[in-house]
Amino acid sequence: EIPRGSFYMYFEGKEALFRYVLTLYIEQISETVVAELEHRKGDIFSVAVSFYDKARNHRFEGGNKSLYQQLLETIRINAKLRPEQIFPECRGALKRMIAAVDASNLNIQGEDDLFCMLYLLVPVTIGAICSDRPEFDRERFLNLLSILRRGMEKEQQPAGTAHS
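In this text, residue positions in the sequence shown follow the numbering used here: the first is 33, and each later residue adds one.
In structure tokens form, the structure reads like this:
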């Protein structure tokens, strides 16, 4: 609610405003995700499923229903937005999420691996939530999570060992 001429005192342009609004959404959602991670003992995959279920059912707790609906609508409108365009804006939020993840059950070699894992997991979750395609249902989302959880490359048997 600022005069049109004053807009450029606050933002360089519409893209700067968009990034600012997106950052606000991400900060608020990261608080919810961190709380959910703490509640679920750091299990990032169960948090993704919980987030998917709540978003698809529009049953967000704490009166934040409109926040999530607004974010999802923003993402739908800007469907061509790539994760690499969003992630620089939310690195702080991601670091808070990373700190709440229990990495003991994950095959990672450091914090950067966990960041990369989130780089894959977040767009998959948001894409599943925002999809209007009937074939992209909860079962498909759970299958995608299963692939991410177990990895895609088959373990190679050392030469000379029998396959079980």
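Think of the CB as a built atom: it goes at the ideal place given N, C-alpha and C, for glycine as much as any other residue.
- Item | Touching by the beta-carbon criterion (3+ pairs, under 8 angstroms), the region 132-145 and the region 163-173 | no
- Is F83 helix, strand or coil when you go by DSSP? Numbered from 1 along the sequence shown, position 51 holds the residue referred to as residue 83. Three-state result, F83: helix.
- Give the single residue among R170, L176 and K127 whose Cα lies nearest to the Cα of D85. The residue given as residue 85 occupies position 53 in the sequence shown. Of R170, L176 and K127, the residue nearest in Cα terms is R170.
- Item | Reference T157; option with closest CA among S78, D145 and F43 | Along the sequence shown, read from residue 1 onward, the residue named residue 157 stands at position 125. Closest option to T157, Cα to Cα, is S78.
- Query: How many Å lie between A132 and H71 at the Cα?
  - Reply: Taking the sequence shown and counting its residues from 1, the one referred to as residue 132 is at position 100. Taking the sequence shown and counting its residues from 1, the one referred to as residue 71 is at position 39. Between A132 and H71, the C-alpha separation is close to 10 angstroms.
- Task: Measure from the alpha carbon of G183 to the alpha carbon of each residue in M149, E63 and F168, then state which is nearest.
- Result: Taking the first residue of the sequence shown as position 1, residue 183 is located at position 151. Checked all of M149, E63 and F168; the closest Cα to G183 is M149.
- Message: Within 10 Å of its beta-carbon, does M41 have 16 or more other beta-carbons around it, so buried, or fewer, so exposed?
- Response: Position 9 of the sequence shown, counting from 1, holds the residue named residue 41. Label assigned to M41: exposed.
- Item | Supposed close pair L177, A80 - CB separation, criterion 8 angstroms | Taking the sequence shown and counting its residues from 1, one reaches residue 177 at position 145. Taking the sequence shown and counting its residues from 1, one reaches residue 80 at position 48. Between A80 and L177 the Cβ distance is about 6 angstroms, and since that is below 8 angstroms, they are a contact.
- Query: Per DSSP, what kind of secondary structure is P190 in: helix, strand or coil?
  - Reply: Start at 1 with the first residue of the sequence shown, and residue 190 comes out as number 158. It is coil, neither helix nor strand.
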